[in-house]
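A short write-up of the structure that comes next.
Residue numbers (the working numbering): 1346 to 1632.
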C-alpha cells in the first residue's frame, strides 16, 4: 500500500516528501498541528477541528494558508487517496523556510504537510477492563491551549507512562488536575461528571466537547470546574478522551484501583452513547 501525503500543494507518496532543513518547524518547533479522525471516510467534526486549528494559528501569529472550503477539499482529497474506511489525519503547519533567526521572517510561505494513517478501534480488553495511568507534575509551558508541534514536554511526560507500563500520565499543576500528556481527563464523583475548565493550561479537546454534549443530552449530571487532586484520587471513575482513543476508563491510578478497579456504570453508558453517536456519522452517504 502506497501512503499518499500532501505537501505544499501536491499529493505524493510519503517516500518522496521532502522538507528543507531550514524549515522553522525543524529548527525552532515553530508551528502547529491538528489531528482529525475519519470514520467510514467521513471526517469527524471537521468544522470544530478547523476552528481549533485557527485558534492555534492565531496563538502563534501565523496566518491560515487555506480557507475552510480549501481545507475541506484537501482533507477529503487525502482521505480518498488512502486506503482504509477509518483513518486519522495529521495536519502540520510551520512558519516556513528561512535563515535561522528567532524573529519572524517576512513574506515567507508556510509549510503545509498532511498525512493519513489507519485508525484502529480500541482493543476489546481496554473497553472491558480499562487502562492504567500514573500521575506527574505538569511542568509544561503556560499556553497548552495551542496545539504546538514543539511537544517535547508532552513526549517526556508520556514516556513516564510507557516506562511504568501505563497508558497515560495524568498531569497535576498546583494541586489541580490539568489533563493527560496526550488526552483530556474526566472524573466521576457521586454520580456527577467533572471536567476541568478550558483555559490556557489545557488543550480544548474535540472529544471533550462531545462527551459533555452527550452527558447533557442523556441526563448525566456534569460540572465544568477546577478538579482538585484530592477529588481525582478519591474518584469513583476516571476517563481519558482523545480524538484517536475516543473514551477510555482509567481503572488504576498510581498503582491503586479507581473505584472498583473496573470501568464504572457511567463509563459504560458514555461508551455506548459515544459509539451510537459515531455510528450516525458512519451511516451517512459516502462523501
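Glycine included, every Cβ here is placed at the ideal spot set by N, Cα and C.
- A residue is called buried when at least 16 other Cβ atoms come within 10 angstroms of its Cβ; residue 1600 does not meet this threshold and is exposed.
- Here the stretch 1370 to 1389 lies against the stretch 1455 to 1469, with 3 or more beta-carbon pairs under 8 Å apart.
- Taken in chain order, the unbroken stretches of beta strand (DSSP E) that lie wholly in the stretch 1354 to 1441 and span 3 residues or more are 1355 to 1358, 1376 to 1384 and 1432 to 1439.
- Distance from the Cα of residue 1515 is smallest, within the candidate group 1498, 1553 and 1478, for 1478.
- Per DSSP, residue 1543 is not a residue of any beta strand (DSSP E), being assigned neither H nor E.
- In the DSSP secondary-structure assignment, residue 1582 is bridged to 1533.
- Residue nearest to residue 1353 within the set 1527, 1551 and 1363 is 1363 (criterion: CA-CA distance).
- Distance from the CA of residue 1379 to the CA of residue 1394, rounded to the nearest whole angstrom, comes to 7 Å.
- Taking C-beta separations shorter than 8 Å and ignoring five residues to either side along the sequence, the partners of residue 1449 in its chain run 1406 and 1440, following chain order.
- DSSP, reduced to helix, strand and coil, places residue 1612 within a helical segment of the structure shown.
- Annotation for residue 1607: no alpha helix (DSSP H) segment contains it, and DSSP assigns it neither H nor E.
- In the structure shown, residue 1548 adopts coil according to DSSP, grouped into three states.
- Sorting 1484, 1587 and 1404 by C-alpha distance to the C-alpha of residue 1551 places 1587 at the top.
- Shown here, residue 1469 sits in a helix according to DSSP, grouped into three states.
- Residue 1606 has its alpha-carbon roughly 33 Å from the corresponding atom of residue 1390.
- Here residue 1589 is near residue 1464, since their CB atoms are less than 9 Å apart.
- A check of alpha carbon separations from residue 1524 across 1565, 1490 and 1433 identifies 1490 as the nearest.
- Around the beta carbon of residue 1500, fewer than 16 other beta carbons sit within 10 angstroms, so the residue counts as exposed.
- Of 1493, 1519 and 1527, the smallest CA-CA separation from residue 1502 is found for 1527.
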